[in-house]
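In what follows, a structure is listed as C-alpha cells, so that the remarks can point back to it.
There are 2 protein chains.
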Amino acid sequence: MASLAIETGHQEIHDLERNGHAEKAQWVLNAPEPPSLWQELTGSVRETVLPHARRFPTVKDKGSLSKTVISFLHAIFPIFCWCRNYKATNFKNDLLAGLTLASLCIPQSIGYATLAKLDPQYGLYTSVIPPLIYAVMGTSRDIAIGPVAVVSLLLSSMIPKLEDPEANPILYRNLVLTTTFFAGIFQAAFGLFRLGFLVDFLSHAAIVGFVAGAAIVIGLQQMKGLLGITHFTNKTDVISVMEAIWRAVHHSWNPHNFILGCSFLTFILITRFVGRRNRKLFWLPAIAPLISVVLSTLLVYLTRADKHGVMIIKHIKRGLNPSSVHQLQFNNPHIGEVAKIGLIVAVVALTEAIAVGRSFASIKGYHINGNQEMVAMGFMNILGSFTSCYVATGSFSRSAVNFSAGCETAMSNIVMAITVIISLELFTRLLYYTPIAILAAIILSALPGLVDLHEAYNIWKIDKLDFLACAGAFIGVLFASVEIGLLAAVTISFVKIIIISIRPGAEVLGRLPETDIFCDVDQYPMAAKNPQVLIIRVKSGLLCFANANFVKEKIMKLATEEEEGSKGKRTIQVVILDMSNLMNIDVSGITSLVELHKNLASSGMELAITNPKWQVIHKLRVANVVTKIGGRVFLTIGEAVDACLGAKMAAV
Amino acid sequence: MASLAIETGHQEIHDLERNGHAEKAQWVLNAPEPPSLWQELTGSVRETVLPHARRFPTVKDKGSLSKTVISFLHAIFPIFCWCRNYKATNFKNDLLAGLTLASLCIPQSIGYATLAKLDPQYGLYTSVIPPLIYAVMGTSRDIAIGPVAVVSLLLSSMIPKLEDPEANPILYRNLVLTTTFFAGIFQAAFGLFRLGFLVDFLSHAAIVGFVAGAAIVIGLQQMKGLLGITHFTNKTDVISVMEAIWRAVHHSWNPHNFILGCSFLTFILITRFVGRRNRKLFWLPAIAPLISVVLSTLLVYLTRADKHGVMIIKHIKRGLNPSSVHQLQFNNPHIGEVAKIGLIVAVVALTEAIAVGRSFASIKGYHINGNQEMVAMGFMNILGSFTSCYVATGSFSRSAVNFSAGCETAMSNIVMAITVIISLELFTRLLYYTPIAILAAIILSALPGLVDLHEAYNIWKIDKLDFLACAGAFIGVLFASVEIGLLAAVTISFVKIIIISIRPGAEVLGRLPETDIFCDVDQYPMAAKNPQVLIIRVKSGLLCFANANFVKEKIMKLATEEEEGSKGKRTIQVVILDMSNLMNIDVSGITSLVELHKNLASSGMELAITNPKWQVIHKLRVANVVTKIGGRVFLTIGEAVDACLGAKMAAV
C-alpha cells in the first residue's frame, strides 16, 4: 500500500514534470510568426534611413514646428550646438592647436599635392575650404581636415591611366577635380541614405595592411624628390619604382638634393623622438617641418644651390582658391572611369576619416555620428571641387597633433584654415626657393606612423585569417597596384566570412557536473556524456546547401562510431540536435535534416531537436519537419534527454 | 541571535553560490586552447582525404595484408561485394528492369545525341561503356547511366562557340570527346581528393530553377525537329530561339513532321498518364517511346513519307563503339576553354547523378558513398572518351523507370548495355526511316518531369531568398545562357550566405516564467525582462568587421532607449551580452566590444559576457578583453545576472 502510494507519488511528479516539459515544448512550437522578409526589409530600411524618427516630433504638432527646424539644423550643422557654450578658454586652446596644426599642415599640404602630381598651391587650397566646411558640419572635435598621403597616392596612381599629368597637366588637374566632385557626391549619398555600413566593409585588418603598403609605396615615390630625379615611372608597384630609381641612380641624380633632404629628415625624426620622450615638447615635432622648410629655403637662397642642381618648388600661385566650377569635366569620355575612381577614393577617404574620428572620440568619450560625418565629408569635397581643392579627409598624423595640442572643438580647423589663407595671400613668394627634397623629407617623416607592425602582430596573434587579409592588402599594394591591393583585401575578407559561415562541423555536448547545462566536451573537459544519448550541436550559424550534407554525414559518423566504440553493444538510442547556434536554415538544410532523421531511424535511433531559433522553427513548421520527426522538439537539452529516455523506458 | 544565525546561514548559502559561480566562470576562462588554424586545416584534410583510415589495418600487420588488398578492392569495385550474394531471383528482376530500361534508353539516347549535335550512334555508344563501368565501380543500385538532356544541352550550347558543328562536324565531335575526357578527369579528381563538397555548392533551389529553365530551353530546341526546320539558331536563349522558330514558320516548315511528332507525343503522354493511374502498368510509359519509334518508322517506310518532306535519321553507323583515343584534341588552341567547359559539365553531371542516387538510396534505405560515386563517374567518362562516348551521368527519368521496374543491383545497367550492344550490331539499319520528329517528341515527353512547380512553390514557402536563387537560375538559363544561369544561381546562393551571416541585429532576452532559461522576448512573448538588466544576444554567428560596428550601435541604442523609456529614471545597471550564438569573432569585432564596454561605462553601465564559444573566449583572452571588461565573463545568463546585481547591491 505504502509502496503503491509512493509509486503514485512518483507517477504524479513524473506527470507534472512531463506536463511542464510539454508546456515548454509548446512554447517552442507555438512561437508567433517571425517578421516576413518584406517586413524585415522595410523595417531595416526605416531604421537606417530614419534613425532619429522618434526624435523629431511630427509636423502636425504645430507649436513645435520651429523646434523641429532648429533640431534639424542642429543635426545638420552641429556647430550651432557647441557654439553657444563656446568660451574664451576654449578658444585659447583651439587657437594654439590650430596654429600648431597650420605649421605642420602647410609643408605637408604642399608635399601631398606634389605626390598627387598637382601644383603645390592645390595642396594649400585643399587646406582652406574643406576644413572650414567640416568645422560647420562635422561632429568630431579632434579630426584635422586636409589632403592626406594615401588619398594623394590613390589619385596619382589611378588618374594618370586616363590622362598623362606631364603631357597634359591642365586636363589631368581637371580630372582630379572631377574625381573630387564624384567622391563628394558618393560620400554625401552614403551619409544621406545611411549607407555608412559600406565603410565597414574594409575590415580593420585590411586597412592596416593597405595603409602599410601604401606608406612604403609613397616612401619610394619620394625618392624622386630626394634624389632629384627628373624622369620617373608612373607605376606605383615596388618593382617598377625600384627599377626607375636604379636607372636614375646610374644616369642622372644630384647628391646635393639627397644630402639636403636626408639631413632635414634626420632633424625631423630627432625632434619626433624628443617629442615622444618628453610629452610637453609635443609641439617640437609638429613645427619641425615648418622650421625645416624655412631653414632649407634660406640655405638655398643664400647659397644659390638651385644653380647647382638642387631642385626647388619655384613659383607658387599667390592668392585664395580660384573657382573651378567650369573645370569639372562631365563630358569627358572617361567620365565612367572617373566616377569609379571617385567611388574608390570616397570609400578610402571615409574609412580613414571615420577611423580617426572614432579613435579620438573613444579616447575623449564622446560620440561621433557616422552618417553625419559622411554628409559633412561629402559636402566639403563637393564644395572643394568647385574651389580648386582635391579630395580632403581626416589626416591621422595631423589629428594626433591637434589632439596633443589640446584642441577642444573643430574651431582649431578654422584657425588652421585662416592661417593657410594668410600664407596663401602673403607668403607664397617666400617658398620659391624651397627645395623639393625637403617636401620629400617631410612626407617620408610622416610615413613610419602608417606602418603599424605592432597592430599587424596583434592581428596575427588573434586571428590568422584576418592576418591573411592584412597581408593580402599589403602585398597587393606593394607588388601590383593600389586598386588590386584594396580588391584583394575586400575579397579575402568576404571569402573569410563565407568560409567561417559554412564551415561544416558538429560538436558533441556533455552535461557539466552538478548542473543542467550542456557544453562542448572539447571546450569543457569536465562535461560528462550520457552513453544512451548523443547530443550534438552544429558548429556554424547556418545550415545551408553548402554544409548541410557534410553536417549530416558527420552526425551519422559520430552516431555510428560511438556505437562501434562500445564493443558492438548498441547503446545510443537518441540523437539530440541542439539548434541554438543556428540563425537560419535553407531548403537544402531542411532536406538534410529529414534525411538524417530517416537514416537514424533505419539504424534504430531517434532524432530530437532542441532550442530552434525563431526563423528556424518557423521554417521547420512550414516544411512539416516537426511532424516528420515525431514532434520531438524541445526547449532545452535537459528536457529532451528526460523526455526521450523516459519514453524509451516506458516502451521497455 | 537566531536572526544572526539565519543571516549567517544566508551568507553561507550566498558564499557557496558565489563560489559555484566563480568555479563555473573559471571553467569558461580556463578552457583548453582550441585547435590552431593549422591543426584544423590538417585535421580536416586528413578527415576528408582519408575517411576510412581506421577501417584499413596498417600494413605492419602482415597477416592481414591480403585482407587490406581485398577491402581496398571492395572499396574501389563495390561489385565484388554484392556479386557474391547475387542470386537467380535477383537476376530475374534485374533482367526485367534492364530490358525495360533499354527500351526507353535507345530512343532517348539517339534523341539526346541529336540534341548534343552529334550523330545518333554516339548516343548509343554512350549507353554502352559508361553503364558497364559504373556497374563495376558505382555504389548506387538504382541509378541508370547514359546520356542526359541537361548535359547534352550544356555541350551543345557551349562547344559551338569554339567550333561550328555544321561547318566542321568532325572537329566539333572531337572537342566534345575531349570535353568528356576533362569532365571525367575532374570528376575522378573530386572523388580521389574527397572534394565532394564542391558538388554541394549548387544549392537545391538553384538546381530546381536551373533544371526547369534548361527543360524549357531543350523543349524549344526540339521545335527544330518537330517542325522540320533546316536552318536554326545556335543560341539557346528563349528570345533567339523564338525568333528562329518564327522565321522558320514563315518560310520553310513541313506540317507532316509536326503532325507525326505531335500524334506520337500525345500517345506517349497518354501512356504516361495511364501508367501513373495504374502502378502495375509502369512498363507502358517506359516502352511507349520504343513503340513510337517502331510504329513511326514503319509508317514512314510504308508511305515513303520521307519523299514528302518528313525528315528521317537516315544512316546510323553499325557496330560497336570505335576507339577515339586519337581523336582527343590536346593541342587544340581552345584547350583551356574546353577544360573549363569540362569542369562545368563535370559539376552539373555529378550534381544530377548524386541527387538521383541519394534520393533513391534514401527511399530504399541504403547509403551511397559520394566520393566513390565521383570516382566511378570520373572513370566511366574518361574511358568513355576513349571509346567514342560523350558525357554520361545518372538520368533521373530512366532511374525512376529502373526503380519502378524493380531493379535490385547495378546489374540492370549491364543488361541494358548488352541490349544496346545487340541493337548496335543488328538493328541500326532498321532505324534508317525513323523520323526525327519522333526523337523530338520523345525528348519533349521527358521534359515535364524536369519542371518541378510543386518544389518551386515549396521553396518559396520556406525561404524567399532561396527562391530568389531558384528564379535567378531559371531566368538566367532562359533569357541569357546556360552558363549565366548557373553563375547567377551560384552567386545568389553565396551572396545570401554573406547577407545572412553578417546581418547585424541583436535580440533582447527575458527569463521564461519559473525557469532559469533566457529567451528572445519576441519569439517567446511570455519571457519577462528584468528592469535592472538588459540581456542581449547577437543575432548572427559572426561578429566581424562588416557588422560589429552596427551591432555595437544597436546595443547602445537599446541600452539608452530602455533608459529613456522608463521616464528619465536610470534603471539599467548591467548589459549582459550573451555570446552563445557567436561562432567566431575577428579583430574588428573585438575592437567594437572594447568600445562598447567603454561607451557603456561612460553611461554608468557595466558589460558582462556569457557563454562565449571556444574560438571566441580564446581570442578574447589573447586580446586581453577579459581583463579590460573587469573579468565579467560567465557561463550562464542566470549567473551573470546574480553576480552583477549582487555586486551592485553590495556596493550600495
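Taken in order, these protein sequences are the chains called A and B.
Heads up: the first sequence is residues 1 to 652, going by this note's numbering.
Heads up: the second sequence is residues 1001 to 1652, going by this note's numbering.
Don't be surprised by glycine CBs; every beta carbon is placed ideally from N, CA and C.
Chain A contact residues for residue i, given Cβ-Cβ distances below 7 Å
i          : result
His1204(B) : Phe545, Val587, Ser588 and Thr591
Those residues which DSSP pairs with residue i across a bridge
i          : result
Ile1609(B) : Leu1577(B) and Val1633(B)
Asp520(A)  : Leu509(A)
Ala1528(B) : Arg1511(B)
Ala144(A)  : Ser395(A)
Arg1537(B) : Glu1507(B) and Asp1578(B)
Pro1435(B) : Ile1312(B)
Asn1653(B) : This structure cannot speak to residue 1653(B), because chain B is shown only from 1001 to 1652.
Residues that residue i contacts on chain A, provided the C-beta gap is smaller than 8 Å
i          : result
Tyr1524(B) : Trp27 and Ala31
Lys1598(B) : Ser362 and Gly365
Glu1595(B) : Arg358 and Ser362
Ser1602(B) : Gly365
Length of the line joining the Cα atoms of residue i and residue j
i          : j          : result
Ser397(A)  : Ile497(A)  : 32 Å
Asp164(A)  : Thr230(A)  : 16 Å
Arg194(A)  : Asn371(A)  : 6 Å
Lys60(A)   : Lys67(A)   : Only weak support is given to the placement of Lys60(A): the predicted model assigns it a pLDDT of 49, under 50, and the question is left unresolved by the model.
Leu322(A)  : Ile185(A)  : A small correction: the amino acid at residue 322(A) is Pro; Leu does not occupy that position in the sequence shown. Pro322(A) and Ile185(A): Cα-Cα distance of roughly 21 Å.
Met588(A)  : Leu1226(B) : Here residue 588(A) turns out to be Ser, not Met, going by the sequence shown. Straight-line Cα distance between these residues: approximately 38 Å.
Ala1189(B) : Thr1266(B) : 44 Å
Ala1643(B) : Gln26(A)   : 31 Å
Val1482(B) : Ile1218(B) : 11 Å
Ile354(A)  : Leu1600(B) : 20 Å
Cys1081(B) : Lys1092(B) : 19 Å
Gly1449(B) : Ala1215(B) : 9 Å
Ser263(A)  : Lys1554(B) : 52 Å
Val1625(B) : Val325(A)  : 51 Å
Val1641(B) : Gln1573(B) : 10 Å
Ile727(A)  : Ala400(A)  : Residue numbering for chain A in the displayed model covers 1 to 652; residue 727(A) lies beyond these limits and cannot be assessed.
Arg1247(B) : Gly1472(B) : 29 Å
Ile341(A)  : Gly378(A)  : 15 Å
Proximal chain B residues relative to residue i, where beta-carbon distance stays under 8 Å
i         : result
Ala75(A)  : Residues of chain B passing the Cβ test: none, with the nearest at roughly 16 Å.
Trp614(A) : Asp1520, Asp1522 and Gln1523
Asn371(A) : Simply none; closest approach about 11 Å.
Ile344(A) : What Ile344(A) touches in chain B: nothing, since even the nearest Cβ is about 18 Å away.
Leu37(A)  : Lys1464 and Leu1465
Contact set between residue i and chain A, taken where Cβ atoms lie within less than 9 Å
i          : result
Asn1234(B) : Residues of chain A passing the Cβ test: none, with the nearest at roughly 32 Å.
Residue i Cβ short of 7 Å to the ligand NAP heavy atom set
i         : result
Phe403(A) : Summarising the ligand content, the structure contains no ligands, and the ligand NAP is consequently not present.
Rounded Cβ spacing between residue i and residue j (contact assumed at less than 8 Å)
i          : j          : result
Tyr1432(B) : Ile1291(B) : Not really, about 18 Å apart at Cβ, beyond 8 Å.
Ala1392(B) : Asn1381(B) : 6 Å
Gly510(A)  : Cys519(A)  : 7 Å
Ile1159(B) : Val1420(B) : Their Cβ separation, rounded to whole angstroms, is 24 Å, which puts Ile1159(B) and Val1420(B) out of contact at 8 Å.
Leu430(A)  : Thr297(A)  : 7 Å
Leu1289(B) : Ile1436(B) : Correcting the residue type first, residue 1289(B) is Pro in the shown sequence and not Leu. Pro1289(B) to Ile1436(B), Cβ: 14 Å. No contact.
Val274(A)  : Leu284(A)  : 6 Å
Leu1582(B) : Val1616(B) : 5 Å
Chain-ordered neighbours of residue i on chain B, where CB pairs are closer than 9 Å
i        : result
Lys87(A) : Those do not exist, as Lys87(A) stays about 23 Å from chain B at its closest Cβ, beyond 9 Å.
> Closer than 7 Å, Cβ to any Cβ of chain B: which residues of the stretch 617 to 633 of chain A, in chain order?
Replying inline: Lys619, Val622 and Ala623
> Which residues, taken in chain order from the stretch 1444 to 1466 of chain B, show a beta carbon closer than 9 Å to some beta carbon of chain A?
Replying inline: Glu1455, Asn1458, Ile1459, Lys1461, Ile1462, Asp1463, Lys1464, Leu1465 and Asp1466
> Between the stretch 143 to 170 of chain A and chain C, which residues of the former have CB atoms less than 8 Å from a CB of the latter, in chain order?
Replying inline: In the displayed structure, chain C is absent; the protein chains listed are A and B.
>> At a CB distance below 7 Å, what residues from the stretch 1186 to 1204 of chain B approach chain A? Give them in sequence order.
In response: Phe1197, Asp1200, Phe1201, Ser1203 and His1204
>> Output needed in chain order: residues of the stretch 1493 to 1504 of chain B with a Cβ under 7 Å from some Cβ in chain A.
In response: Ser1493, Phe1494, Ile1497, Ile1498, Ile1500, Ser1501 and Ile1502
> Of the residues that make up the stretch 528 to 558 of chain A, which ones have a beta carbon closer than 7 Å to any beta carbon in chain B?
Replying inline: Lys539, Ser540, Gly541, Leu542, Cys544, Phe545, Ala546, Asn549 and Phe550
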